[in-house]
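Student: First the structure, then my questions, so here it is.
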């Protein structure tokens with residue numbers, strides 16, 4: 001099993017996970033996905049969240065902030081969506097995406113798990 005497959009499996013093991021992806025934000029393409037449904041097309045989510053990621057990175061640059069994105073949280077009525085850039089040298093240009101069922105997920109614990117998964121990911 002590749003490191004990316006393992007990362008996807010670990011993300012889906014987080015309580016409340018409904019879909020996970022590893023995304024290249026240069027192209028907007030999902031390199032790997034797991035989960036999802038008719039209501040959650042992970043390929044569409046990957047492309048759309050690429051725009052969120054790019055926009056936030058541009059804003060940080062325009063503001064002259066000397067900081068990096070730890071994660072981006074999008075709160076919906078029924079779901080949480082977490083976008084976490086991969087910071088390791090071998091994962092530059094990638095982000096992890098996780099959609100959670102809001103009624104079953106522990107957001108703080110999910111963010112903690114995502115940090116560990118991101119730190120161990122090598123592509």
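Numbering (UniProt numbering), first residue to last: 1 to 123. A virtual CB, placed ideally from N, CA and C, is assigned to each residue, including glycine. Being a predicted model, the structure only gives us computed values, none of them experimental.
1. Can you tell me which of 104, 14 and 10 puts its alpha carbon nearest to the alpha carbon of residue 110?
2. Please tell me whether residue 17 and residue 94 are closer than 8 Å, where the distance is taken between their beta carbons.
3. Scan the stretch 1-85 and note each continuous alpha helix (DSSP H) run of 4 residues or more that stays entirely inside, going in chain order.
4. Just tell me which of 107, 83, 87 and 6 has its CA closest to the CA of residue 51.
5. Here's a check: name, in chain order, each residue in its chain whose Cβ is nearer than 6 Å to the Cβ of residue 10, leaving out the five neighbours to either side.
6. By how many angstroms is the C-alpha of residue 24 removed from the C-alpha of residue 62?
7. Does the Cβ-Cβ distance between residue 19 and residue 36 come in under 8 Å?
8. Can you pull the DSSP bridge partners for residue 96?
9. Would you kindly work out how many angstroms separate the C-alpha atoms of residue 75 and residue 30, rounded to a whole number?
10. Relative to the alpha-carbon of residue 87, which residue among 64, 123 and 40 has its alpha-carbon at the smallest distance?
Tutor: In this structure, then:
1. Closest by alpha carbon: 14.
2. No, Cβ-Cβ distance for residue 17 and residue 94 is not below 8 Å.
3. You should have 3-12 and 42-63.
4. Among 107, 83, 87 and 6, the Cα nearest to that of residue 51 is on 83.
5. When the five nearest sequence neighbours on each side are left out, the beta carbons in the same chain lying within less than 6 Å of the beta carbon of residue 10 are those of 117, in order along the chain.
6. In a straight line, the C-alpha of residue 62 is about 22 Å away from that of residue 24.
7. Yes, the pair counts as a contact, with Cβ atoms nearer than the cut-off.
8. Paired residue(s): 22 and 84.
9. A direct Cα-Cα distance of roughly 21 Å separates residue 75 from residue 30.
10. The option with the nearest alpha carbon to residue 87 is 123.
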